[in-house]
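One point on numbering: in numbering that gives the first Met the number 0, the residue at position 77 of the sequence shown is 76, and numbering is uninterrupted.
Heads up, the beta-carbon is just placed ideally off N, CA and C, and yes, glycines get one too.
For reference, the structure discussed in these notes is given below.
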Amino acid sequence: MERTQRKQHTEITFIVPADHTCGPVSVVGDFNDWRPGVHPLVERPDGCRAVTVKLPSSQRHQFRYLAHGDHWFNEENADGHEGRRP
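Set out below in structure tokens:
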């Protein structure tokens, strides 16, 4: 996960490494009403998959990744992990 601070928002780039073989993946969180497929990760030339989302800088957000086969997983580099959301 990478963060870029802008004047009015923060750009978060969610990244799944190339060696994480899980098929199609989307980032699902409170910023997209937990709707799968709204923010799909796209493969990069190096094989990893990523998507960038603009979020308000002043808020904390919850999210998880959803992969093919209803496989949910966490971002290991997130600021924290609270309970189990979908």
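Can you tell me the Cβ-Cβ gap for residue 52 and residue 40, rounded? I've got them flagged as a contact below 8 Å.
Not a contact, Cβ separation roughly 11 Å.
> Taking 6 Å as the cut-off, is the CB of residue 36 close to at least one heavy atom of the ligand GDP?
Replying inline: Summarising the ligand content, the structure contains no ligands, and the ligand GDP is consequently not present.
Margin query: Among 72, 47, 54, whose alpha-carbon lies nearest the alpha-carbon of residue 2?
Written below: Comparing alpha carbon positions, the residue from 72, 47, 54 closest to residue 2 is 54.
_DSSP bridge partner residues for residue 42 (one or two, in chain order)_ = Residue 42 is bridged to 48.
Residue from 59, 16, 65 with nearest C-alpha to residue 9: Closest option to residue 9, Cα to Cα, is 59.
Looking only at its chain, what residues have a beta carbon closer than 8 Å to the beta carbon of residue 37, apart from the 5 residues adjacent to it on each side? The residues are 25, 27, 31.
- Look up residue 36 in the DSSP assignment and give the residues it is bridged to. Its beta-bridge partners do not exist; DSSP assigns none.
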